[in-house]
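Student:
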Amino acid sequence: MPNRTLGIIGGTGWLGRAIADAVLESGFIAADCLLISNRSGSSTFGPDVRVLADNQALVELSDVVVLSIRPEQFRELQIDARGKRLISLMAGVPAATISAATGAQVVVRAMPNAAVEIRQSFTPWYNAGELSEQDREWVQRLFECVGSADEVPNEDCIDYLSALSGTGPAFPAMLYRALVESAVVAGIPEAIAQRAAHGVVVGGGQLLASRDPLQMIDALMAYRGVTAAALQSMADQHLDAIVGQAVQAGAAVARRGM
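In terms of our numbering, the sequence shown opens at residue 4 and continues consecutively.
1) Taking buried to mean at least 16 other C-beta atoms within 10 Å of its own C-beta, is G30 buried or exposed?
2) Name the residue from L80, R7, E28, V67 whose alpha carbon lies nearest to the alpha carbon of N41.
3) Is the beta carbon of N130 less than 8 Å from the beta carbon of S168?
4) Please tell me whether V96 and G132 are closer than 8 Å, where the distance is taken between their beta carbons.
5) Between E75, N58, Q76, which lies nearest to V68 when the distance is taken from Cα to Cα?
6) Less than 8 Å between the C-beta atoms of Q200 and V187, yes or no?
7) Is A107 closer than 8 Å to R85 when the C-beta atoms are compared?
8) Given a threshold of 16 other Cβ atoms within 10 Å of its Cβ, counted over all protein chains shown, does T126 qualify as buried or as exposed?
9) Tell me the start and end of each unbroken beta strand (DSSP E) in the stretch 12-77 that is at least 3 residues and wholly inside, in chain order.
10) Spatial neighbours of V203 within its chain, please: CB distance less than 7 Å, with the 5 preceding and 5 following residues excluded, ordered by chain position.
11) According to DSSP, which residues form a beta bridge with Y226?
12) Go through its chain and collect everything with a Cβ distance to Q123's Cβ below 7 Å, but skip five positions before and after it.
13) Starting from G206, trace the beta strand (DSSP E) both ways and give me its first and last residue.
14) Starting from I101, trace the beta strand (DSSP E) both ways and give me its first and last residue.
15) Applying the 10 Å Cβ sphere with the 16-neighbour rule, what's the burial state of S266?
16) Could you name the residues that DSSP lists as bridge partners for E154?
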């Protein structure tokens, strides 16, 4: 799908804008091949990027159309996308529903997360329709502009991963809050507790970028020190089951539709 025109409906929202900036900065899409639509038809993009207030006009001028809108906004979206390749970034809206509403025969569902802002998103995507190998490579490269990506084998994977990788920083943020609150209860001043927890969540996450997390757990458990005692307590309380239930709860929302 080389040299295709890309249109992003909702391209001035945080997600659409991050993707638009990334494809331009990487050179994946030339500015004159990118179209953006929003309600006002205005933006801060450069002069070569076309910005429209008419979603249907964007669809007609685009080869590939990205829906970067909230699920509830989809109910109001009126477009005819027959003959177009449609990429949906909406959680909880099945490909069949999107195809029926828009006429698009090729619908790709994808789920980036907030790390698109720093080009570190993991984006799973699923193709419902006929895509050539060249088209698949194009979609993969599109999402690699904002991080890493994988094509998944079925649509249920997208719904599950919407509640796992799609949550972005939510799980680390919850861990941060739990660490801070428990430290304060233990008598640690709140400001110090916050800095300590920040070091665990942010600093630890950066360290894991270059190490195998499972191997690190095994090594720390084998040492049988302070950290091992804390990890063993988490295991005894079945932390893996608690996290699994949380992800399943989110996935259930995605499966039944938002």
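Glycine included, each C-beta is placed from N, C-alpha and C at the ideal position.
Note that the coordinates shown come from a computational prediction; the quantities given were computed from them, not determined experimentally.
Tutor: Quick look at the numbers:
1) By one-based count along the sequence shown, residue 30 stands at place 27. When all chains shown are included, G30 counts as exposed.
2) Counted from its first residue, the sequence shown places residue 41 at position 38. The candidate whose alpha carbon is nearest that of N41 is L80.
3) Within the sequence shown, residue 130 is the residue found at index 127, counting from 1. Within the sequence shown, residue 168 is the residue found at index 165, counting from 1. Cβ atoms of N130 and S168: not closer than 8 Å.
4) The residue labelled residue 96 in the question sits at position 93 within the sequence shown. The residue labelled residue 132 in the question sits at position 129 within the sequence shown. Going by C-beta atoms, V96 is not nearer than 8 Å to G132.
5) Numbered from 1 along the sequence shown, position 65 holds the residue referred to as residue 68. It is N58.
6) Indexing the sequence shown from 1 puts residue 200 at position 197. Indexing the sequence shown from 1 puts residue 187 at position 184. The sequence shown places Ala at residue 200, not Gln. No, these two residues do not count as a Cβ contact at 8 Å.
7) Start at 1 with the first residue of the sequence shown, and residue 85 comes out as number 82. Start at 1 with the first residue of the sequence shown, and residue 107 comes out as number 104. A contact, by the Cβ cut-off of 8 Å.
8) Locating residue 126 in the sequence shown gives position 123, counting from the first residue. When all chains shown are included, T126 counts as buried.
9) 37-40, 53-55, 67-70
10) Translated into positions along the sequence shown, residue 203 becomes position 200. The residues are L182.
11) Taking the first residue of the sequence shown as position 1, residue 226 is located at position 223. DSSP, once it has assigned bridges, lists no residue as partnering Y226.
12) Here the question's residue 123 lines up with position 120 in the sequence shown. For Q123, where only same-chain residues beyond five positions count, the Cβ hits under 7 Å are G150.
13) Locating residue 206 in the sequence shown gives position 203, where the first residue counts as 1. Segment: none, G206 is in no beta strand (DSSP E) and carries neither H nor E.
14) To locate residue 101, count along the sequence shown from 1; it is residue 98. Premise fails: I101 lies in the alpha helix (DSSP H), 98-105, not in any beta strand (DSSP E).
15) Since the displayed the chain opens at 4 and closes at 261, residue 266 lies outside it and no answer follows.
16) Numbered from its first residue, the sequence shown carries residue 154 at position 151. In DSSP, E154 forms a bridge with W128.
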